[in-house]
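If you use the working numbering, the sequence shown corresponds to residues 85 to 181, in order.
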Amino acid sequence: MNNEEEEEQCCCMVVAGEVRPHQNGQLIVFDDSKLHYAFNKHPTANRYVYPGWCVLIVDVMRPATVPKGKAVGGHTDELDRFIEQYNASLVQPDDDE
85 MNNEEEEEQC CCMVVAGEVR PHQNGQLIVF DDSKLHYAFN KHPTANRYVY PGWCVLIVDV
145 MRPATVPKGK AVGGHTDELD RFIEQYNASL VQPDDDE
């Protein structure tokens, strides 16, 4: 593993035993009803306060037309579109425009 890969693996989210490394500028969407936690083992991370780590929790309301307990996969098309729209909103326009 090279230094870049090691750096990517040091800040992770673990949900139901599945480890996902955080990637700058990307979201991690997960089912918070599952056992979950995060860790940051980067050498520059302060154990108690890490200024580069920000957690935004967004609860998405289930539409009334969707019955509970019907999810069969990790993502739906609607969730993927939501994530794409959110990621697109983070893109900064070039200063030249």
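Even glycine gets a Cβ: it sits at the ideal position worked out from N, Cα and C. Bear in mind the structure is a predicted one, so any value in this text is a computation, not a measurement.
Three-state secondary structure assigned by DSSP to residue i
i, result
"Asn108", "coil"
"Phe123", "strand"
"Asp143", "coil"
Reference residue i, options the options, closest by Cα
i, options, result
"Cys95", "Cys138, Asp164, Pro151", "Cys138"
"Ser117", "Asp143, Glu162, Ile167, Arg165", "Asp143"
"Leu140", "Leu111, Phe166, Ile167", "Leu111"
Straight-line gap, residue i to residue j (C-alpha atoms, nearest Å)
i, j, result
"Val72", "Pro105", "For residue 72 there is no data in the structure shown, the boundaries of the chain being 85 and 181."
"Pro124", "Thr160", "The question names Pro, but residue 124 in the sequence shown is Asn. Using only the alpha carbons, I get a separation of about 29 Å."
"Gly158", "Leu174", "23 Å"
"Val113", "Pro127", "26 Å"
"His120", "Glu102", "9 Å"
"Leu163", "Ala122", "22 Å"
"Gln107", "Gln169", "17 Å"
"Tyr167", "Val150", "Correcting the residue identity first, residue 167 is Ile in this sequence and not Tyr. Taking the straight line joining both Cα atoms gives about 19 Å."
"Ala148", "Arg165", "19 Å"
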